[in-house]
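What follows is a single structure, written as structure tokens, with notes after it.
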């Protein structure tokens, strides 16, 4: 779908070329290192042409370098040594060193062939050279001119890779259809012109494949011209099949696919394309006959994209260049050049930086370097009227396809427009005014005749191109090297002449008149215009090869001013006008970098397309979208490798790609579809938006989520446009309680701000909208029957009973029975038939049940016996049975509870309650029936007690008036206050209360409630000794002293003093043991760390001993890497280990066994627990309480020792914290982040520390906070 256009032209005239005479045409070669230098051989002299000698480029110097003995038959520039290699007819091979030519040195003879030479050809890498002598011997040499091989072209051998034929595929074995078997015996008729061999040109041609592995030699054989294929060692591989009419020029396509040779057939003139094995594959029809023109040269571009055929007219002697391209095996003529002077040389530039540059030297000294590139010519309108028309040049035809309506792969098209001459350029109207639209286009033929056309389309739903109308008469611009034709507006036509002159023409399309308004010279004399792009209706952007962007203003007064400078020349420009009236310039360097206002936006870009909201661009295998407002890439998707953008249909999501093989692929990217839907929704075009969503399977929630407030405020309009109830049903069914704009389609709604709506929340969106829709359906004043959408709303709300009520109401109306049947059929489509049958049954209406059953195709044997059995029951019991059948046990217990005096029914209800745990519902149902209520509560209490919920059981037993069980449950829960309260309610006497209290005291002591047990003994048993003994068991000496002083002072000496004396000694030993334990673990921790530090410094230490890669103990959020593995984790990021193994490994981790690699972690765990216990506020208060009691009872020495020892313990602990909790243990942020940073900086030691300390529990990585409370006594210091 692409056309070839001239990107730039450099024209030069060389004065001083000698006159051309003799039978040997001049030879030309371009310097491989410097394209400004050209070497020409005229006769026996070598000349250097310097195009850079004159800055203006109009006339350049000619310098004679050397004179050769004899006629030169071939010339090659050797880039590595800066030499020119010449082969003479006499057999000498000469080398001219370009660096020493100024010293007067003569050409050096490097080798000699006694039989004379006919051709020479160097390999592309210039490592191998091939010579063909006058005896048709092919001599292969290396770059040092050492022979490699020699083969004679006269040998009739096929080659080393001769075919082995067993007869398959012969004509005699094939099916011949209507011709019959006799066709197998027919002789093959040659479709070629019989030519006398003596009249055929005997010239030899050599052509290399681009990879340098093979070369082909064309020569005159005994039966006409043929060619042979050799490998780079000079060994013959293949010989061409016998083809008559072949001519001299030969060219091997650089990609290696075909060998091109002109061939004169009986009825036409073609370029035959042969495969490497010598078999003819296909042919290119030439637009002339052999009698009219003769092919003089075949020149493939370096990328194999363009084939240039050089010809000479037999009628007027004109020299012509035809530019062919291929797509889907169809050959197009994209460009045509004609010269009235003989062409002396044609060569494609070998430098990659020069792109597709073709050098042409003419006999009169004119020299042209034309740089060519590809572009897709398409209409650029942004409205629905633009048909996304693409024009493809093919000889004298324009192949047109409107992609809004059709997608037709090339070489086919929607319509073909023809002109009289070969076409060079096509340009669409960029800024149309009245009478014309963006589908109009102009055509420029090879004689600079400009024709204007207006397409005509059908009025059908799918618009097709049916005709094109020629507007006025063609404009005869006249001779000149024009390029970059741009039809800016109805009356303005722009073009670039030569290299840097922009011409502005005022045109009257309808009258066929034009005038030159202005000419602008852009940039310097040596600069060239490379791109011309519309800026607005009255101005254009001009880019030069130096990267300068100029703004060309045409109105009100013509002016040219510099706009921007790019870092490099870009072949493609796209200009976007923002909503604020500013402009953004997007530029693309072919197959390289995409820029926005000169700032790099993306790399490895292969094609771009600018739409109203997005810039689309492709890389080798991805399509990406740039939001033009936010200037960020908001989405991408995979495409076939090598695909390129052709067109994106305006006001549509259709995006057309061309695949590498030439076929087209049309897709609708979700981002563009969503953008189109958003435009429709903002314009309240709900039908068009819904249609796109439905066709492209986009979530219909977008109708609401795009702008909920707008949708809800225009719900009536939505219903007015969406009159198809099936669409409404689809919309309601698709509703979800989520915002698809922030989940599924977030890329189109970045930074969206949503306003609050009363009563609307995303979490309940479905219910809210169904309610609003039901209101709208009921109030709608249209002829649309919203019955089915209403049913859909009820189903969405879970109100199946309401849906059945509506349908049953219709059924009861005689005139709407059919509607009821249709509605029920639709409901059965939404809901499972069994579920719907159960809902109908749960409504207790047997008529409705039978109606649903008969429409559901259920077997009557499945439900009639059951329904008949239900009919024979009482109403309440029938409802109870139905509810039990439907497992609606909550309702069932309510229905059966209506039998207030039926013991059998109560027992059935009680069994249902026990089976399904319906105690709460049963208590409510039987609340007014005291007899049954107490039985339910009693059973509920039993259930709670079995579930070990003693408190709740006691409460429920109380409601059942079962106080004995209530007290037992409270006693089991150690709720002594409730036991006493219940005993009073139950009317216990003093003896029963005393026995109850005596049973409670041991229970309270077992649960650790010594203070409560002591209180019961004192208040209810009046046994103060037992009360004090209980307090002493919990070492509550202060409370014990209080009780003794208030009740019986003798208890102080009898009980408290001996108990306290013994406990003081025990406590002193405990403090000493704790101090010893703390110091032991602390010192061991310091020793372990010291040993690890020494191991790291020891060069003999084997890192594998401490390698952590095989450790399975790391937490799930950590990543493991050793000093030998720095880029990948040693295990999966998630553990699938069983809990049993996990506990086993945790025990291994916390093992204090010496030598354990994680001993320091286990020590930290133990020390953290010790410090937390020893320094807690509770321990400090405990020490103060003990010391206080000791002071009261005159144990001053013991109390002093306790205060001293505990103080020393606190001091040791506090001053050891910094030695235990070192800074390396504190990992800021997550372990993964720190580890990644350490890996990036190469700090492997930090990586290992992070991984190791990540095994410590997070709260243990920090030293404990020690709270200080007043615990010391001054009298004990």
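Residue numbers (UniProt numbering): 1 to 1277. Note that the Cβ used here is the ideal one computed from N, Cα and C, for glycine as well. Since this is a predicted model, take the numbers as computed values, not measurements.
Beta-carbon gap between residue i and residue j smaller than 7 Å
i, j, result
"residue 220", "residue 250", "no"
"residue 229", "residue 280", "no"
"residue 1056", "residue 1040", "yes"
"residue 321", "residue 312", "no"
"residue 1028", "residue 1051", "yes"
"residue 39", "residue 64", "no"
"residue 404", "residue 427", "no"
"residue 886", "residue 834", "no"
"residue 1199", "residue 1087", "no"
"residue 114", "residue 90", "no"
"residue 1013", "residue 1005", "yes"
"residue 414", "residue 396", "no"
"residue 593", "residue 600", "yes"
"residue 616", "residue 586", "no"
Closest residue to residue i among the options (Cα-Cα distance)
i, options, result
"residue 772", "719, 734, 811", "719"
"residue 652", "324, 278, 384, 47", "384"
"residue 674", "687, 746, 619", "746"
"residue 641", "665, 634, 649, 635", "665"
"residue 490", "484, 1205, 504, 337", "504"
"residue 1045", "944, 812, 1193, 20", "1193"
"residue 421", "582, 446, 825, 501", "446"
"residue 326", "558, 1009, 283, 636", "283"
"residue 156", "106, 242, 129, 134", "242"
"residue 137", "351, 119, 123, 690", "119"
"residue 100", "117, 66, 112", "66"
"residue 1207", "1188, 1180, 1197, 1185", "1180"
"residue 247", "601, 295, 123, 232", "295"
"residue 110", "98, 121, 86", "86"
"residue 399", "416, 410, 409, 407", "416"
"residue 1026", "1047, 823, 1008", "1047"
"residue 939", "1005, 947, 919, 930", "919"
"residue 30", "71, 78, 69, 20", "78"
Cβ-Cβ separation, residue j to residue i (assumed contact under 8 Å), whole Å
i, j, result
"residue 240", "residue 260", "Not quite, the Cβ-Cβ distance comes to about 12 Å (not below 8 Å), so this is no contact."
"residue 258", "residue 238", "That pair is no contact at about 14 Å."
beta-carbon residue i near the ligand GTP non-hydrogen atom, thresh 6 Å
i, result
"residue 706", "Looking at this structure, you won't find the ligand GTP or any other ligand, since it has none at all."
Which ranges would you report for the alpha helix (DSSP H) in the stretch 1010-1089 if only whole runs of at least 4 residues count? 1010-1019, 1024-1033, 1037-1047
Taking 8 Å as the threshold, find out whether the stretch 703-710 comes into contact with the stretch 754-765 through three or more Cβ pairs. yes
Determine, using beta-carbon pairs with one atom in the stretch 356-366 and one in the stretch 613-631, whether at least three such pairs fall under 8 Å. no
Does the count of Cβ pairs from the stretch 890-905 and the stretch 864-873 closer than 8 Å reach three? no
Would you be able to state if there are at least three C-beta pairs under 8 Å between the stretch 10-25 and the stretch 34-44? yes
Alpha helix (DSSP H) runs wholly inside the stretch 765-845, at least 4 long, in chain order: 765-779, 787-797, 800-812, 817-830, 833-842
Is the stretch 1158-1173 in contact with the stretch 1252-1264, if contact means three or more CB pairs nearer than 8 Å? yes
Given 8 Å as the limit, is there contact between the stretch 454-473 and the stretch 508-528, that is, 3 or more CB pairs closer than that? With the rule of 3 Cβ pairs closer than 8 Å, the stretch 454-473 counts as touching the stretch 508-528.
Run through the stretch 201-234 for me and flag every whole beta strand (DSSP E) of 3 or more residues, listed as ranges in chain order. 205-208, 214-221, 224-231
Counting only runs of 3+ residues fully inside the stretch 512-571, write out the beta strand (DSSP E) ranges in chain order. 513-521, 529-536, 539-544, 548-553, 559-565
In the stretch 272-304, which residue ranges form an unbroken beta strand (DSSP E) of at least 3 residues, counting only runs that do not cross its ends? Entirely contained in the stretch 272-304, the beta strand (DSSP E) runs reaching 3 residues are, in chain order, 280-285, 293-300.
Beta strand (DSSP E) runs wholly inside the stretch 29-88, at least 3 long, in chain order: 37-42, 45-50, 59-67, 72-78, 83-88
Can you find at least 3 beta carbon pairs, one from the stretch 828-848 and one from the stretch 788-806, that sit closer than 8 Å? These segments touch.
With a cut-off of 8 Å, do at least 3 Cβ pairs link the stretch 798-809 to the stretch 725-745? no
Segment contact, 8 Å Cβ cut-off, at least three pairs: the stretch 364-382 with the stretch 430-444: yes
Say whether the stretch 493-500 touches the stretch 8-22, bearing in mind that this needs 3 or more beta-carbon pairs closer than 8 Å, one atom from each stretch. Yes, they touch.
Is the stretch 203-218 touching the stretch 119-133 in the sense that three or more CB pairs, one from each, lie closer than 8 Å? yes
Segments assigned alpha helix (DSSP H), at least 4 residues, entirely inside the stretch 708-760: 708-713, 715-721, 725-733
Measuring CB atoms only, is the stretch 677-696 touching the stretch 338-356, in the sense that at least three cross pairs come out at less than 8 Å? no
Ranges of the beta strand (DSSP E) found wholly within the stretch 371-397, counting only runs of at least 3: 389-394
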